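Numbering (this note's numbering), first residue to last: 6 to 79. Even for Gly, the Cβ is constructed at its ideal location relative to N, Cα and C. None of these values were measured; they are calculated from a predicted model.
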């Protein structure tokens, strides 16, 4: 069970980072893409609750950092 959780956790983090990097390279569309991807995973029930909680936390941190960066630039 623990190995299965670790596999899901690593896959979740890789997916999150993939969407974030793709979004950063495409005019900062990372937040909507990562949110949409996370919602798809929730509907599919393919990740554990623990992994989803970590992804949600990372997404919140990323949103906060992106907002600070945008406010500094403008």
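Residue 41 and residue 61 have their C-alpha atoms roughly 12 angstroms apart. With 16 or more other Cβ atoms inside 10 Å of its own Cβ, residue 64 counts as buried. Its Cα nearest to that of residue 68, the residue 37 stands out among 17, 37, 20 and 15.
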